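Beneath this line is the structure, given in structure tokens, with notes to follow.
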Amino acid sequence: MPEHAISPTRVQDYPEWYQQVVKAADLAEQSPVRGCMVIKPHGYAVWERMQGILDGMFKATGHQNAYFPLFIPLSYLEKEAEHVEGFAKECAVVTHHRLELGPDGRLIPTGKLEEPLVVRPTSETIIGAMYAKWIQSWRDLPVLINQWANVVRWEMRPRVFLRTAEFLWQEGHTAHATREEAVEETLRMLDVYATFAERDLAMPVIKGPKTAGERFPGAVDTYSIEAMMQDGKALQAGTSHFLGQNFAKAQEIKFAGQSGQEEYCWTTSWGVSTRLIGAVIMTHSDDDGLVLPPRIAPTQVVILPIHRTDEERTAVLDACRVLERELAATTYAHEPVRAKIDARDMRGGDKVWQHVKQGVPVRVEIGPRDLASGAVSVTRRDRPPKERTSVPLAQFATEVPQLLGEIQQGLFEKARAFRDAKSARLATQADILDFFAEAAGKGGFAHVHVADDPAVTALLDPLKVTVRCIPMEGPDEPGNCAVTGRPVPRASVLARSY
RNA sequence: CGGGGCGUAGCGCAGUCUGGCUAGCGCGCUUGGUUUGGGACCAAGAGGUCGAGAGUUCGAAUCUCUCCGCCCCGACCA
1146 MPEHAISPTR VQDYPEWYQQ VVKAADLAEQ SPVRGCMVIK PHGYAVWERM
1196 QGILDGMFKA TGHQNAYFPL FIPLSYLEKE AEHVEGFAKE CAVVTHHRLE
1246 LGPDGRLIPT GKLEEPLVVR PTSETIIGAM YAKWIQSWRD LPVLINQWAN
1296 VVRWEMRPRV FLRTAEFLWQ EGHTAHATRE EAVEETLRML DVYATFAERD
1346 LAMPVIKGPK TAGERFPGAV DTYSIEAMMQ DGKALQAGTS HFLGQNFAKA
1396 QEIKFAGQSG QEEYCWTTSW GVSTRLIGAV IMTHSDDDGL VLPPRIAPTQ
1446 VVILPIHRTD EERTAVLDAC RVLERELAAT TYAHEPVRAK IDARDMRGGD
1496 KVWQHVKQGV PVRVEIGPRD LASGAVSVTR RDRPPKERTS VPLAQFATEV
1546 PQLLGEIQQG LFEKARAFRD AKSARLATQA DILDFFAEAA GKGGFAHVHV
1596 ADDPAVTALL DPLKVTVRCI PMEGPDEPGN CAVTGRPVPR ASVLARSY
């Protein structure tokens, strides 16, 4: 057998490795429709974990879920000029509402719609139209709503999870009486995303505002969390937008203030998508397949019975069930430990490798020898696949929360160390050119002072590098732009990106 | 949409240049047996409109044209 379960390896061919991991872990596959993916049960289970945690965080910050239509009247999208411009190129449009059987047996779209409907690429416009009706008084504010939905953006170059024509996401849309409140909301939700990414996905992120060119169409400010993938590229893992009064003015979202005057609302929107699954894959996985952080692993501990004879089978399975119950009664991250017995009738090696490739954090084997010695064999996904330790059975269940915590923490620290090792503080234009030279092992995050200026873009464009964000943590450290020499208050993060 | 590569069984591929027996191989799958603490072995079997359509030909996976899809690199994006 090859040395690794995944071929090619990361260093051999990173994009192909990514696709092979998705396939080996049985997360998703290509659909008959270009750019769309079928999310398979294991992939969807990971998404459900993410949804569950995020949804709890949204509720805890005062939001409610609702659902708005998939179809948006074309005229709605036309209302905000920048918004139109940003999304026009990638919209799926519904123009007919009936099919008729043609003479050659083919179905022909008929029943032309008076007004074409756009399949939502995002829902600012339709939600704004509803908010305009719902909001009359300052007493109606704030409106804090989230929706879990699918959206469609007709992308030119799709990649599973990272950029698909249709994807699943959540979009929060809020309306406030004051600018301050809306800005506060924007930053609060950015923090929610950053906490979720770091605590649950074990994925270190950099928070910060985007430059004008990278802003959401129609937003006043866009903030993102940026993560580094194992090829040194940046991935925008979540965004939070302060929309100012742009959409409110375009859509007449107004309210009567406390002194009776009519004012426009201040709105925000924020979202994360199934792209996060891609982010997790590219942050933690190795040449043996997927590696899942315990907090989002659908199964945290898989119990593998090992037996030959029927008597052994009975005894071993009994022990497995006892352990499964013990684990379910144990808690990690305020939830019962998710343990599962895999008693499928297949060869041990194949079964074990399946769980390796699917990223299950902990594998426990129980066989006759373990029963005799009162122990279990434990392997961790963050360690080499053949590194086994024997743990006294009585001890194992009580130690599992700590073990899962160690794995979770270890993954985060490993990812952070990787990112930091591939990050540098740069000062000059020559530094930038050198840092992003095509040589192997080069690239990553460059922290450098740059102005939001065409001269900077002109330097970065040929390098395929963009300003990812302007990190907002820590005090201002003024410096001079590496390109224009103009003073700027903070350094930016430059990187190639997905 | 531009440049490059590819499309043959579930997966990975050979065969295509130079048209010709019934389209092959490895893995996987099914059944039986031997095995079993880390990707087993033996045997038997199932599985293909060779991406689609049109054309050339006595004959097309193979030649010609058109189309479709996938991957990589650009332009665009969560």
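For the first sequence, this note's numbering begins at 1146 and goes up steadily by one. We put the CB at the ideal spot given by N, CA and C, even for glycine. Treat the numbers as computed from the prediction; the structure is a model and nothing was measured.
Identity of the residue in the options nearest residue i by Cα
i, options, result
"T1611", "G1588, E1260 and E1622", "G1588"
"L1172", "K1224, G1434 and E1223", "G1434"
"Q1209", "T1356, D1432, G1402 and N1291", "N1291"
"F1387", "E1259, P1362 and R1458", "P1362"
"C1614", "C1626, L1605, P1607 and A1636", "A1636"
"L1468", "L1258, D1598, V1521 and N1391", "V1521"
"V1425", "P1530, M1182 and G1504", "G1504"
"P1287", "D1455, E1269, E1330 and R1570", "E1330"
"T1319", "I1398, K1185 and I1577", "I1398"
"P1443", "D1432, P1481, S1369 and V1461", "P1481"
"V1638", "V1601, C1236, S1385 and R1458", "V1601"
"L1421", "M1195, G1180 and E1161", "M1195"
"A1539", "F1203, Q1281 and C1465", "C1465"
"K1378", "L1516, N1625, P1160 and P1599", "P1160"
"A1560", "A1294, S1430, G1383 and Y1221", "S1430"
"R1458", "R1483, D1432, H1592 and A1488", "A1488"
"S1535", "P1529, T1543 and T1524", "T1524"
"L1645", "R1570, E1544 and I1351", "The displayed coordinates of the chain run from 1146 to 1643. Any statement about residue 1645 would go beyond what the structure contains."
"V1238", "R1298, K1204, A1322 and V1183", "R1298"
"E1225", "R1324, A1395 and V1417", "A1395"
Beta-bridge pairing of residue i - partner residues as DSSP gives them
i, result
"K1257", "H1241"
"Q1175", "M1182"
"W1314", "A1294 and S1418"
"G1624", "V1633"
"C1614", "V1638"
"S1152", "In DSSP, S1152 forms no bridge with anything."
C-alpha gap between residue i and residue j, whole angstroms
i, j, result
"A1170", "I1151", "10 Å"
"L1437", "F1580", "31 Å"
"H1241", "L1313", "25 Å"
"W1283", "A1274", "18 Å"
"P1623", "V1633", "6 Å"
"T1206", "R1344", "17 Å"
"L1246", "K1257", "16 Å"
"Q1574", "V1595", "10 Å"
"M1146", "G1358", "Residue confidence for M1146 is low, a pLDDT of 44 falling below 50, so the modelled location carries little weight and cannot support an answer."
"K1185", "E1174", "7 Å"
"D1158", "E1371", "23 Å"
"S1176", "A1310", "11 Å"
"G1383", "D1455", "52 Å"
"K1485", "I1577", "50 Å"
"L1262", "A1277", "20 Å"
"M1373", "F1541", "35 Å"
"I1552", "A1566", "21 Å"
Where residue i sits in the DSSP three-state scheme
i, result
"F1361", "coil"
"F1581", "coil"
"I1351", "strand"
"S1282", "strand"
"I1370", "strand"
"A1591", "strand"
"G1555", "helix"
"I1217", "strand"
"Y1163", "helix"
"L1380", "strand"
"T1602", "helix"
"Q1209", "strand"
"T1319", "strand"
"A1170", "coil"
"R1344", "helix"
"A1520", "strand"
"H1228", "helix"
"L1571", "coil"
"P1530", "coil"
"T1331", "helix"
"T1476", "strand"
Proximity test, residue i beta-carbon vs the ligand SAH heavy atom, cut-off 6 Å
i, result
"L1556", "Among the ligands in the structure shown, none appear at all, so the ligand SAH cannot be discussed."
Inset, instruction - Could you pull out every unbroken beta strand (DSSP E) segment of at least 3 residues lying fully inside the region 1478-1515, listed in chain order? - result: 1484-1486 and 1507-1511
Inset, instruction - Run through the region 1388-1471 for me and flag every whole beta strand (DSSP E) of 3 or more residues, listed as ranges in chain order. - result: 1399-1401, 1407-1409, 1411-1418 and 1446-1450
Legend entry - Ordered list of beta strand (DSSP E) runs contained in the region 1285-1310, each at least 3 residues: 1288-1297
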